[in-house]
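Undergrad: For the sequence shown, the positions run 19 to 227 when this note's numbering is used.
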Amino acid sequence: MIEPGMLITFVFTNLALNVTPGPAVIQVTSHAYSQGWRRAQLSVLGILCGNALYCLLSAAGLGALLMKWPQVYQVLRYAGALYLVWLALKRLWHTSQRAADGTGAQTIASRPALFHESLLLQLSNPKSLLFFCALLPVFIGTTDGSGGWAILLLGLLAIALEYPVLLGYTLASSTLASRANTENGRWYRLIDIICALLLLLSASLVLFA
């Protein structure tokens with residue numbers, strides 16, 4: 019049973035982590051800017067599904083596995099950093115191609131692509147892995163892989179708390195896009211470059227922080 023004081027602490031900790039910009043926020047805001055906030059909900063869904071998977075793994079005892087074999091986390095950390103770098107380079111490449119072709123309009127991504135790319139991004143995010151598999155069990159007073167149902171319920175609460183935050187980011191980004199002059203594509207390219215640089219920064223923090 020989770021103590022009320024720990025539950026309140028968990029809620030505020032979770033909200034603080036959610037509003038802090040990271041790879042997930044960068045992903046959904048960039049998609050909302052270029053694709054619109056409605057289509058960006060597929061990106062949000064991918065993020066939340068990634069969290070749900072980590073929540074299930076944590077309830078099944080992945081946190082205890084990571085404590086027993088920290089090398090597993092190191093492998094996931096390096097794989098996650100490489101994926102962030104790949105996403106950044108992909109954005110820069112597409113931006114350079116549009117600039118070379120003189121393309122003004124942003125390419126409309128398919129719905130499955132928005133979902134799958136965001137799902138993989140969140141699964142490669144060590145911050146999400148640590149939160150659900152290492153930090154979350156602490157709030158219920160266990161780190162030995164027990165308390166699966168409590169971990170599952172707390173994880174579902176974390177996901178429910180994250181959605182309004184990501185929704186707010188997508189609405190703000192979409193509103194900004196509607197007010198910006200995007201007819202010649204300059205703003206789209208600028209946003210892509212900024213997002214790519216932020217993804218590279220996130221990758222460097224994953225590796226060296």
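Yeah, the Cβ is synthetic: ideal placement off N, Cα and C, and Gly gets one too.
Does DSSP classify N143 as helix, strand or coil?
TA: coil
Undergrad: From the DSSP output, in three-state form, read off I26 for me.
TA: helix
Undergrad: So T47 packs on Y187, CB below 8 Å; how close in whole Å?
TA: 5 Å
Undergrad: Between which two residues does the alpha helix (DSSP H) containing A152 stretch?
TA: Taken as a continuous stretch (DSSP letters only), A152 belongs to no alpha helix (DSSP H), as it is neither H nor E.
Undergrad: Less than 8 Å between the C-beta atoms of G64 and E135, yes or no?
TA: Contact: yes.
Undergrad: Smallest Cα separation from R129: which of G81, N32, R57, S222?
TA: R57
Undergrad: Considering only the alpha carbon of each residue, which of V224, L154, A190, C73 lies closest to V43?
TA: A190
Undergrad: With H, G and I counted as helix, E and B as strand and the rest as coil, what does DSSP make of I65?
TA: helix
Undergrad: By the three-class DSSP mapping on this structure, what secondary structure does W167 have?
TA: helix
Undergrad: Starting from P41, trace the alpha helix (DSSP H) in both directions and tell me its first and last residue.
TA: 41-53
Undergrad: Helix, strand or coil for W111 per DSSP?
TA: In the structure shown, W111 sits in a helix (DSSP, three-state: H, G or I).
Undergrad: Go ahead and pull the three-state DSSP assignment for E21.
TA: coil
Undergrad: By how many angstroms is the C-alpha of V90 removed from the C-alpha of L80?
TA: Straight-line Cα distance between these residues: approximately 10 Å.
Undergrad: Report buried or exposed for G16, applying the criterion of at least 16 other Cβ atoms within 10 angstroms of its Cβ.
TA: Because the chain here runs from 19 to 227, residue 16 falls outside it and cannot be looked at.
Undergrad: Should the segment 138-158 be regarded as contacting the segment 96-114, the criterion being three or more beta carbon pairs within less than 8 Å?
TA: Judged by Cβ distances under 8 Å, the segment 138-158 makes contact with the segment 96-114, as three or more pairs qualify.
Undergrad: Buried or exposed: where does S192 fall if 16 or more other Cβ atoms within 10 Å of its Cβ makes it buried?
TA: Under this definition S192 is a buried residue.
Undergrad: Pull up the distance between the alpha-carbon of V62 and that of P155, whole angstroms please.
TA: CA-to-CA, the gap between V62 and P155 works out to about 24 Å.
Undergrad: For T27, which of L172, L223, L184 has the nearest alpha-carbon?
TA: L172
Undergrad: What did DSSP end up calling T31 once you bin it into helix, strand or coil?
TA: helix
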